[in-house]
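Just add 231 to the spot in the sequence shown (first one is 1) and you have the working numbering. Using N, Cα and C, we set each Cβ at its ideal position, and we do this for glycine too. As structure tokens, the structure follows; a few thoughts come after it.
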Amino acid sequence: MKKFIYELDVPVIVGGVATATGALHLMRAGAAGVLVGFGGGAAHTTRKVLGIEVPMASAVAEVAAARREYLDESGGRYVHVIADGSVGRSGDIAKAIACGADAVMMGSPLAKAVEAPGLGWHWGSEAHHQELPRGERVNVGTVGSIEEILLGPSHTSDGSMNLFGALRRAMATSGYSDVKAFQRVEVIIHGA
């Protein structure tokens, strides 16, 4: 993988990692970014088929800690941490950033846009795999335009719309005004 990454003229993002060991391997191979998540997406059936899933907050926090270790080891080479899976609502985005993610991958929230080509249906990229299909189509419905989903205004109270506004509000409520600073917020885990 290292040879493949270094021979390309573009930054390479690799993923499907949920542990510090796996993340460090990908970082040392030259990845510009690491996708964090394993089995948590709405259209993924990995957790049902293989019995494997890693909670997003735990995985992102562990990979972010590995990135800090790699920053020291590499002399300051920064690798982006991208939460991938289990990011369906605005609160999930805020939690992923607070645990150390630089960005999030979103499937279901964007599939809910009236402009989305799936017309309210979402399916994971693994759905087409012939030997071990692990994805499924999920009817997520539509809630509004892509602009309303990302920027508002929201006409629901479930965190599925105005995602950027909700992230700004979570940051402001916690006393932060930028994403890099919000990555250092104290995270407290409690039972729901």
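*the segment 312 to 331 contacting the segment 374 to 392, beta-carbon criterion three pairs below 8 Å*: Touching, per the Cβ criterion.
*Quickly, what does DSSP pair Gly316 with across the bridge? List them, please.*
Note: Gly316 sits in no beta bridge, so no partner.
*Using a Cβ-Cβ cut-off of 6 Å (strictly less than) and excluding sequence neighbours within five positions of His353, which residues of its own chain qualify?*
Excluding positions up to five away in sequence, the list reads Ala274, Gly338, Ser339, Ala342, Val369, Val371.
*Starting from His386, follow the beta strand (DSSP E) in both directions and report where the run begins and ends.*
According to the DSSP assignment, His386 belongs to no beta strand (DSSP E), since it is labelled neither H nor E.
*Which value, in whole angstroms, describes the spacing of the CA atoms of Val241 and Val312?*
Distance between Val241 and Val312, taken at the CA atoms: about 17 Å.
*If you draw a straight line from the alpha carbon of Leu255 to that of Ser385, how long is it in whole angstroms?*
In a straight line, the C-alpha of Leu255 is about 39 Å away from that of Ser385.
*Output the distance between the C-alpha atoms of Ala263 and Ala288, rounded to the nearest integer angstrom.*
If you take the alpha carbons of Ala263 and Ala288, they lie about 21 Å apart.
*asked:* Starting from Leu266, trace the beta strand (DSSP E) in both directions and tell me its first and last residue.
replied: Leu266 -> beta strand (DSSP E) spans 264 to 267.
*So what does DSSP say about Gly287, is it helix, strand or coil?*
Inspection of the sequence shows that residue 287 is occupied by Met rather than by Gly. Collapsing the DSSP output to three states places Met287 in a helix.
*For Ala297, name the three-state secondary structure that DSSP assigns.*
Note: Ala297 maps to helix in three-state DSSP.
*Identify every run of the beta strand (DSSP E) within the segment 317 to 344, keeping only runs that are complete inside it and at least 3 residues long; order them along the chain.*
Here the runs fully enclosed are 334 to 336.
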